[in-house]
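To keep things clear, I will list the structure first and then write my remarks on it.
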Amino acid sequence: MHLKTALFTVLSLSAFAQASVIESRDANSDVLNAHNSFRAKHSAAPLKWSNTLAAAAQKWVNRCQFQHSGGAVGPYGENLAAGTGGFNGVAGVKLWTDEASEYRCICASRFIAIWKWS
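Written out as structure tokens, the structure reads:
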């Protein structure tokens, strides 16, 4: 279940960033690679893409509500990110990982990004 928590984080952002365009394998790979690059710096195992989790993330994104699902799409953890202009999934991952300087065991976005048990 921990792997699902961290991966849903990636998928949520990926789906959100692409809500108005056709799904792009390159964009999904870019988000996953950015996430895994950060995880590798903290000796956390890489995540793998899951179509099941992607579908769950897309289901929530289709509601167009910028808020956590509260468990409505399954037992997955979530991070939220938003931006303007050329903002994309990789930029969202960067927002989460940039919280490292604020990490005090309460910054859930960064914690989920590197959770070694995920």
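Taking mature numbering (1 follows the signal peptide of the UniProt record, and there is no 0), I'd label the letters of the sequence shown as residues -19 to -1, 1 to 99.
Each residue gets a CB set at the ideal place from its N, CA and C atoms; glycine is no exception.
Report buried or exposed for ALA15, applying the criterion of at least 16 other Cβ atoms within 10 angstroms of its Cβ. buried
(request) Within the region 7 to 93, note down every full alpha helix (DSSP H) run reaching 4 residues or more, in order along the chain. (result) 32 to 42, 70 to 78
Q | Other residues of its chain near GLY64: CB distance less than 6 Å, five sequence neighbours each side excluded | A | ALA72
Are the CB atoms of LEU76 and ALA53 nearer to each other than 7 Å?
no
Quiz item: Excluding the five sequence neighbours on either side, which residues of its own chain have a C-beta within less than 7 Å of the C-beta of TRP30, listed in chain order?
Solution: ASN9, LEU13
_Sequence-distant residues of the same chain with beta carbon closer than 6 Å to PHE68, five excluded per side_ = none
### Task
Taking TYR57 and ALA37 to be in contact with their CB atoms under 8 Å, please state how far apart those CB atoms are, rounded to whole angstroms.
Between ALA37 and TYR57 the Cβ distance is about 7 Å, and since that is below 8 Å, they are a contact.
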